[in-house]
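Enquirer: Our numbering puts the sequence shown at residues 5 to 451.
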Amino acid sequence: MLEPTPAAVKTTRTNPATGSRRRDPHCPAMDNLAHALAGALIARSLPRRWAGGVPEEDPAFDPDRPRPGIWLTWSGVIAANLPDFEALVLWPPPLGDKAAYLLHHRGWSHSLIGIAAEAVAFTALLWLLARWRRTARWFAGFTPRRGLAVAALGVGSHLFMDWWNSYGVRPFYPWDRSWYYGDLVFIVDPWVWLILAGALICGTRRFGWTKWGWYALAAAATLIVAGACWQEQCPWWVLAAWATGVVEVGLLRWWGRWRFADLFGWGTLTAYLVTMGLWSQAAREAVTRETIDPHYMNRIHSIAKQSVQAVPGVPWDREVLNSHGRRGRNKPVGLLAAGDRRFDFDGASLIRVNAITGDRGPLHLWDAGWPHNQARIRPKGLRRVEAWAAFARHPVAQFRGSKVILGDVRYGAGGEEDWSALEVEYDILPIWESAPRPLENSVPPMN
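#1: If you follow the alpha helix (DSSP H) that PRO194 is part of, which residue opens it and which one closes it?
#2: Flag this pair as yes or no: are the beta carbons of ARG382 and GLN313 separated by less than 8 Å?
#3: I'd like the ranges of any alpha helix (DSSP H) spanning at least 4 consecutive residues and lying wholly in the segment 86-149.
#4: Excluding sequence positions up to five away, which residues of its chain have a Cβ less than 6 Å from the Cβ of ASP422?
#5: Rounded to whole angstroms, how far is the Cβ of ALA38 from the Cβ of LEU200, which I believe are closer than 8 Å?
#6: Using the C-alpha atoms, what's the distance from PRO194 back to THR279?
#7: Measure from the alpha carbon of ARG346 to the alpha carbon of each residue in ALA393, ARG364, GLY365, LYS384, then state which is nearest.
#8: Give a yes or no on whether the C-beta atoms belonging to VAL408 and VAL428 are separated by under 8 Å.
#9: Is the number of C-beta pairs between the segment 149-168 and the segment 83-96 that are closer than 8 Å three or more?
#10: Compare the beta carbon distance of VAL154 and GLY80 with 8 Å and say whether it is the shorter of the two.
#11: Apply the 10 Å Cβ neighbour rule to LEU255 and answer buried if 16 or more other Cβ atoms are within range, or exposed otherwise.
#12: Do you know whose CA, among VAL93, TRP283, THR147, GLY317, lies nearest ASP363's CA?
#13: Can you give the Cα-Cα distance for LYS215 and ASN36, rounded to whole angstroms?
#14: Helix, strand or coil for VAL81, going by three-state DSSP, please let me know.
#15: By DSSP, does VAL400 sit in helix, in strand, or in coil?
#16: In the DSSP assignment, find the beta strand (DSSP E) that holds ASP266 and state where it starts and stops.
#17: Between the alpha carbons of ALA128 and LYS309, how many angstroms are there, rounded?
#18: Taking buried to mean at least 16 other C-beta atoms within 10 Å of its own C-beta, is TYR177 buried or exposed?
#19: Please report the straight-line C-alpha distance between LEU41 and ALA265, rounded to a whole angstrom.
#20: Measuring CA to CA, which of SER113, CYS238, GLU390, TRP78 is closest to ALA91?
#21: Hey, could you find the ends of the beta strand (DSSP E) PHE347 is sitting in?
#22: Do VAL389 and VAL357 count as a contact pair if the criterion is CB distance below 8 Å?
#23: When you compare only the Cα positions, how much space is there between PRO105 and LEU94?
#24: Under 8 Å, do PRO316 and ALA232 count as touching if we go by C-beta distance?
#25: Name the DSSP bridge partner or partners of SER327?
#26: How far does the beta strand (DSSP E) with ARG380 in it reach, from first residue to last?
#27: Can you tell me which residues form a DSSP beta bridge with ARG322?
#28: If you drop the 5 nearest sequence neighbours on each side, which residues of the same chain put their C-beta closer than 7 Å to that of GLY230?
#29: Please report the residue range of the beta strand (DSSP E) in which GLY365 lies.
#30: Along the chain, where does the beta strand (DSSP E) containing GLY411 start, and where does it finish?
#31: Among the residues of its own chain, which have a CB less than 7 Å from the CB of LYS102, if the five just before and after it don't count?
#32: Tell me the DSSP secondary structure of LEU340 in three-state form.
#33: For TYR386 and ALA83, what's the separation of their Cα atoms in angstroms?
#34: At a threshold of 7 Å, does SER170 count as lining the ligand COA (C-beta to nearest heavy atom)?
#35: Quick one: Cα of TRP183 to Cα of ALA290, how far?
#36: Where do the N-terminal and C-terminal ends of the alpha helix (DSSP H) with TYR219 fall, by residue?
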């Protein structure tokens with residue numbers, strides 16, 4: 005097992021010149037392509053009679069004409085993306101208010117009560133379209149029960165897929181605002197695209213004009229993967245492996261239509277997620293306090309919180325993130341006061357681990373104790389501090405001049421590449437001002 009040498013350790017304090025672990029920014033992207041492919045595969049897996057009209061096996065079937073029951077596929081695709089329609093109101097950074105985005109994204113629209121309301125509302129819309137004379141011909145086989153089933157499966161798959169990554173979901177919002185994380189895959193995973201799209205392509209009997217849509221989708225996805233490699237977010241072999249997978253899917257479909265491609269696709273996806281979960285657990289077990297403490301001057305008492313984040317395009321690599329507890333301290337090192345509320349934070353670390361071999365890469369540290377770690381946030385910054393405290397899984401704060409940068413280790417810990425970083429102005433908080441009052445951690449419990 006490779007141990008990082010002291011020279012490889014990068015300690016990030018309050019000096020922005022220390023750099024960051026990534027050259028390019030993470031974006032708060034929503035992988036709507038994966039959601040759309042999952043919704044289409046859900047529709048493909050439902051009984052054929054739900055679509056009505058002429059089945060594909062019938063010689064009279066014309067692939068160049070829209071099927072009478074085309075509602076089934078498009079309803080699955082739209083329903084699977086329905087919770088993300090909040091972006092029409094809540095613009096993601098840098099277009100909208102970042103604090104509002106951190107507070108409310110994956111809130112109401114991604115909760116159990118929210119997806120139930122969305123499924124009912126979408127079913128009502130389908131029912132109206134089915135009764136409208138101009139669109140009724142596309143709704144052969146539609147019944148309200150079938151529409152509700154497709155809508156519920158679609159929006160439910162969205163919540164489940166969002167749970168897979170380290171961004172997390174809040175299913176019991178607004179009663180319980182705790183975040184739940186799967187820590188299985190990265191937010192955008194090209195291998196999930198390949199599995200879902202491969203099952204859809206291999207299960208299609210005749211394409212007609214839709215083949216051009218698949219060609220365009222394959223080209224666009226390849227450009228996305230190539231762009232990620234160009235920006236050094238993943239190694240170049242990922243692009244070669246992706247191109248090989250696309251060619252293999254094309255050859256499999258050229259060989260013939262696979263009758264049970266949808267079942268094979270779901271089985272492959274399940275096996276992939278289980279394997280990713282096992283690798284996440286292996287990476288978590290490879291990093292302990294002893295792994296970090298020798299490079300942190302023996303100040304770590306414990307790992308207060310630990311999480312695992314998948315690496316783009318490399319299934320077996322993980323970033324293990326840790327929030328530290330300090331030796332001989334019952335309280336966190338860092339303290340921010342905003343109004344009558346107190347927000348605490350401590351040091352953190354990140355180390356990349358190969359889950360198969362156990363090899364570890366360079367260690368990145370964020371120290372909360374230099375040069376000062378207590379500040380009173382000016383009133384106009386309270387909302388931003390609340391958003392940071394509610395969202396950050398591994399919160400860190402870095403003092404730069406008259407401002408403090410509030411960040412999350414998951415996305416760069418307040419560095420230039422941290423899309424979630426919030427900047428607020430502060431005044432130094434005298435140590436005696438905070439002593440009489442106990443610290444109150446307003447961060448909701450993480451799971």
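Glycine included, C-beta positions come from ideal geometry on N, C-alpha and C. Nothing here was measured: the structure is a model prediction, and the numbers come from that model.
Expert: So, from the listed chains and residues:
#1: 194-206
#2: Taking 8 Å as the Cβ cut-off, ARG382 and GLN313 do not qualify as a contacting pair.
#3: 102-108, 116-135
#4: GLY411, TYR415, GLY416
#5: 7 Å
#6: 16 Å
#7: ALA393
#8: yes
#9: yes
#10: yes
#11: exposed
#12: TRP283
#13: 21 Å
#14: If DSSP states are grouped into helix, strand and coil, VAL81 belongs with the helices.
#15: strand
#16: No beta strand (DSSP E) contains ASP266, which is instead part of the alpha helix (DSSP H) from 265-290.
#17: 44 Å
#18: With 16 or more other Cβ atoms within 10 Å, it is buried.
#19: Each residue's alpha carbon lies about 14 Å from the other.
#20: SER113
#21: 345-349
#22: no
#23: Correcting the residue identity first, residue 105 is Tyr in this sequence and not Pro. Rounded to whole angstroms, TYR105 to LEU94 spans 6 Å at the Cα level.
#24: yes
#25: Bridge partners of SER327 according to DSSP: LYS309, ALA352.
#26: For ARG380, the enclosing beta strand (DSSP E) stretches over residues 378-381.
#27: ALA314, VAL357
#28: Sequence inspection shows Ala at residue 230; the Gly mentioned does not correspond to that position. Taken in chain order, the residues that qualify are LEU243.
#29: That run of the beta strand (DSSP E) goes 364-370.
#30: 407-412
#31: The beta carbon of LYS102 lies closer than 7 Å to those of LEU426 in the same chain, with the five residues before and after it left out.
#32: strand
#33: Tyr is not the amino acid found at residue 386; the sequence shown has Leu there. The alpha-carbon atoms of LEU386 and ALA83 are separated by roughly 36 Å.
#34: What this structure holds is no ligand at all, so the ligand COA is not there to describe.
#35: 24 Å
#36: 214-234
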